[in-house]
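Residues in the sequence shown are numbered from 364 upward in steps of one, following our numbering.
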Amino acid sequence: MSSSLYRLGRAMAAAGWKIVALWTALLIAVAAFAFGLKGSFSTEFEIPGTEGQAGIDNLATRFPEMGGTSGQVVFRTTDGTTVDELQGPIEETMTAIGEVEGVEVAPSPFDELSPGTRNQDDTALIAQFQMDGQIGEFPASAPSEVLEIVESANTAQLEAHLGGQVLSSAEIPFSIGEVLGIVAALIILAIIFRSFLPAIIPIVTAVVGVGISMLALVALSAGVDIPSVTTALGAMLGLAVGIDYALFILHRHRGNLERGDDVSESIGTSLATSGSAVIFAGIAVIIALVGLFVTRIPFVTIMGIAAAATVALSVLVAVTMLPAIMGILGERLRPRKVRRLRADNGGTLPQEDPSTGTRRKPFGTTWVRLVTKVPALTILLVVIGVGALAVPLKDLELALPDQGTEQPGTPARETYDLIAEEFGPGYNGPLLVTADIINTTDPLGVVEALETEIASHPDVREIQIATPNRGADLAVIAVVPEGGPTEQSTKDLVQDLREAGPSWEEEFSISEVTVTGATAVGIDVTDMLSKALLPFAIFVVGLSLILLMVVFRSVWVPIKASLGYLLSVGAAFGVTAMVFEYGWFNGPLFVSVNGPVVAFMPIFVMGVLFGLAMDYEVFLVSRMREEFVRTGDAKGAIERGFTGSAPVVTAAALIMVVVFTGFITSGWFMLQPIAVGLAVGVLVDAFVVRMTLVPAVLALLGPRAWSLPGWLDRLLPTVDVEGEGLEHVLEHRDWTEHNGRASLRLDGAVVPTPDGGEPLGPLSGSIAPGTLLVVRSTDDAARAALLSLIGGRIKPTEGVVALHDRLLPQDTGVIQARTHWIPSGADVSSRLEDVTGRDLARRIVVIEQIEDLAHAATVSGDRTVAQLDALLERGVTVVVGSRSEQALDAERHLRASLQDPTRLTALALHRSPAPEGALV
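Here it is in structure tokens:
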């Protein structure tokens, strides 16, 4: 991957303005689609397959008067008179509401068939109305028209307040906090880069990525139900990772420029090294977010996919648009001091004089030495400290938001609080019990009996309505619980009613008794999300173990990283409970509601934090591993690797924290717990787990930290995250500049053989494009091994194997795509006709048996030889296997038939512990 990213970086830098123009055009095009399609987001949380959702769907078809979005108008007298004395203005208000387009029914609360709910002294009254369908199905202007009517009903004697689901809004709250978060990120970037120009680049690229993804969601919402919270979550995550990913690459680029590297070369190298880690980190986040499908809840899966797409777009912008911008700015991104030095020294940097002054200790040296001095003590303190933060998570309760979580002062919140004050909390979350009564001969009697059974439950405050539908085949009982929508007593009531359903069905000869309504659906969603936490945690931790084992070729590093991740998650949940359950820090964080947090907060925070934790782990520990591999000094590797990565990881974590904190101040309860969890999780994970616990654990383990059993090492694929393979790419490029182009270059290559015997090699040598190479060997396994190596079918265990500008094993896929393999017994002449295209000078043809080539030449006359000459002339390299160490008649005939016999060369091949393989 590193070699491909190196080429990509140089290509993007060379294209420059074209790439920026393409991204700009894409942004404009997506914006046009978004505004043209006029999509809208959903405020409903549907969960197919649950009893609550089945009941809602049943009501929508069989009792539409109760299946649509509900609304409430609370009337209260201001002078102590009863509501009966103000019946006229109240009925006028309800009549006006009923005339609004989109309102299905708005009965008078004084109607005997559907009386409104009164408080004990008759000074307050709840009037119900029903919309025609769910939000998005009735005119968008209807709620504001109803609100205007209700507000106009206020007089000196009467207050009128609008509430209920009708006030649910799909609009995303926006506050100055988000802007301040971006400004704070800009300040951090300016500090680390010591310049404003490079600081603004990550902001620009992040905004472009988030802008495209958010506008795409708006366009998609015209045909797909997308929860309104999805955009806010995507924007928050996209800004954070977009800025951080650009920071990692740009910081490496600035470091290269500071050392005097060429601009284009530096961009390629930065993308090959830091870009590889960015792609790995992005993939980790994407997999975790897509893994939300384990919840089996559609809206959660959609949120996860949308967030994953935002992260993928952020990665794509970082590896394409960012290098293009770096190429456009060129020398202006080189530190000013370095530019002056280069100008004063003829365009090169002078060598540093070690005798001039004392060099400052790298950033983080003191800290890493402190935490690794007594590693066991550091580990103990971290576990105790973070464990203490995690203790409150035992009190973290989950629920779906309702009108009680709206901001104080809003109509929805005022009405919610008024209902709880005047009537009781249960009136804010009534339940609906439905039953199919088509088989009964006494529908009214059955409804009355059901009402009596339900009303006898101690947690039931009142039965508001008990009636069959117009067809008398469905009974509906509206139940008011004693407790509020999120109280445990209400959850117990739902459970008890559902458990009683089968006995009622048998006793009253009815069927399909369901407990539904917004409150019941919310309880179902919360239960499903709670049950999905453990499987998702196993999925995420298992994934981290595998990914990190592949990257670091170690057993202990993944185990340590996964346990550290669980500590970070525990701290995130614990602090969230402190804020939203205990009420701590509510003022500074603009939190206005205490109680259960949004039900999908834990699983979403776990998914996002997993990716970010792996991000910091890779950037810190990969440098340590690189130093250990180079020096073998386990303790010194920790210090050098830490100080090499600590500045950029510190900046990246701080940026994440300030961006997430900016979204906390929005005051939107659905988003606030997630933002708090992510901000705390990143803070703890980066500074306590990765930069404190990780060095201590590695110091305690010593060299054992980097060990991996041989069988497992052979089983796991090799992933080049920090661009280790780039060194070979650059070396091959330098070799090419000095020796000319080669279609095949071997330098100390050792190749495993298919018979499992002694490996082949080491082999060294090269051939030019347009060469016909005959591989002579009586050792079938050795010959097959070399041919397979040239075709990209096996990988060398040692040395350099380059085919044109590509190397094994980094570019295996490209090499295989460029190779035409002609197996033994195939029609060589017809297969050579398939070798076409514009880029023939980079193609390789492998013919397993020279006898097949000779046979084709004999049968077709001069046509096969002419084909061969034409291909060789255009730069195609042809490699042919021969089962003899001497030139066979077929080989001699082939040499004599070629227009240029000097193109044919041979390799005498056999296995030996001594380096006897050579091109001759």
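The beta-carbon is built from N, C-alpha and C at its ideal position, and this holds for glycine as well.
Remember, it's a predicted structure, so these values are computed and weren't measured experimentally.
Integer Cβ distance of residue i from residue j, believed to fall under 8 Å
i     : j     : result
V1241 : L1135 : 5 Å
S1192 : A1165 : Wrong, their Cβ atoms sit about 30 Å apart, outside the cutoff.
V884  : G415  : 4 Å
T1009 : V1045 : Sequence inspection shows Ala at residue 1009; the Thr mentioned does not correspond to that position. At roughly 16 Å, the Cβ-Cβ gap does not stay under 8 Å, so A1009 and V1045 are not in contact.
L1270 : R1139 : 7 Å
A647  : F1050 : 20 Å between Cβ atoms; not a contact.
T568  : A681  : 7 Å
D887  : T413  : 4 Å
Y979  : D1048 : 6 Å
G1238 : P1132 : 4 Å
L795  : G418  : 7 Å
L952  : V942  : 6 Å
For residue i, the residue or residues it bridges with in DSSP
i     : result
P831  : A838
R1274 : DSSP lists no partner for R1274.
M494  : V466
F343  : Since the first and last residues shown for the chain are 364 and 1283, residue 343 lies out of range.
R1108 : S1129, A1165
A1269 : V1137
P844  : V823
L1171 : V1164
L795  : A841, T879
V657  : DSSP output for V657 lists no bridge partner at all.
R481  : L488
Exposure of residue i, with buried meaning 16 or more beta-carbon neighbours within 10 Å
i     : result
T721  : In this prediction, T721 has a pLDDT of 45, which is less than 50 and means its spatial position is unreliable; nothing more can be read from the coordinates.
K757  : exposed
T1028 : buried
W1286 : With the chain covering only 364 through 1283, there is no way to say anything about residue 1286.
F559  : exposed
R373  : buried
L837  : buried
I539  : exposed
I747  : exposed
S866  : exposed
A1112 : buried
R833  : exposed
P340  : An answer regarding residue 340 cannot be provided, because it is not within the stretch 364 to 1283 covered by the chain.
D1174 : buried
F501  : buried
L1282 : Its pLDDT being 44, under 50, L1282 is placed unreliably in this model, and the coordinates cannot settle the point.
S985  : buried
Y369  : buried
D765  : buried
V383  : buried
S639  : buried
M1019 : buried
E850  : buried
D1215 : buried
G950  : exposed
Residue i: CB within 6 Å of a non-hydrogen atom of the ligand ZN
i     : result
L1136 : Of ligands this structure carries none, so the ligand ZN is not represented either.
ask   = Any contact of the segment 520-531 with the segment 771-784, i.e. 3+ C-beta pairs under 8 Å?
value = Result yes; three or more Cβ-Cβ pairs closer than 8 Å.
Q) Okay, do the segment 386-406 and the segment 844-859 touch, 3+ Cβ pairs below 8 Å being the bar? A) Pairwise C-beta distances place the segment 386-406 out of contact with the segment 844-859, as fewer than three of them are shorter than 8 Å.
Next on the checklist: List, from N- to C-terminal side, the beta strand (DSSP E) runs of 3 residues or more that fit wholly inside the segment 866-904.
Outcome noted: 874-879
Decide yes or no for the touch test of the segment 589-601 against the segment 686-693: beta carbon pairs closer than 8 Å, at least 3 of them.
-> Contact between the segment 589-601 and the segment 686-693 is absent, because fewer than three Cβ pairs lie under 8 Å.
### Contained alpha helix (DSSP H) runs [length at least 4] in the segment 548-604, N- to C-terminal order
559-583
Check: At a cut of 8 Å, does the segment 672-681 reach the segment 896-905 through at least three beta carbon pairs?
Finding: no
Curious, which full-length alpha helix (DSSP H) runs of at least 4 residues does the segment 980-1049 contain?
997-1027, 1035-1046
In chain order, which continuous runs of the alpha helix (DSSP H) of length 4 or greater are located wholly inside the segment 668-714? 699-707
Indicate whether the contact test is met: 3 or more Cβ pairs, each with one atom in the segment 1031-1043 and one in the segment 952-962, closer than 8 Å. yes
- Give a yes or no on contact between the segment 970-985 and the segment 638-652, applying the rule of three or more CB pairs nearer than 8 Å. Contact holds: three or more Cβ-Cβ distances are below 8 Å.
Quiz item: Do three or more CB pairs link the segment 420-428 to the segment 601-615 at distances below 8 Å?
Solution: no
Check: Can we say the segment 992-1003 touches the segment 792-811, given the rule of at least three CB pairs closer than 8 Å?
Finding: no
**Prompt:** Curious, which full-length alpha helix (DSSP H) runs of at least 4 residues does the segment 1220-1272 contain?
**Reply:** Runs of the alpha helix (DSSP H) inside the segment 1220-1272: 1226-1236, 1252-1260.
- Would you call the segment 914-929 and the segment 1066-1078 touching, i.e. three or more CB-CB distances under 8 Å? yes
Using 8 Å as the threshold, is the segment 734-745 in touch with the segment 1051-1066, meaning 3 or more CB pairs across them? As far as the Cβ criterion goes, the segment 734-745 touches the segment 1051-1066, which means the pair count is three or higher.
Check: Taking one C-beta from the segment 487-499 and one from the segment 459-470 each time, how about it: are there three or more such pairs within less than 8 Å?
Finding: Result yes; three or more Cβ-Cβ pairs closer than 8 Å.
Inter-stretch contact at 8 Å, needing at least 3 Cβ pairs: the segment 786-802 / the segment 871-882:
Taking a cut-off of 8 Å for Cβ pairs, the segment 786-802 and the segment 871-882 touch, as three or more such pairs fall below it.
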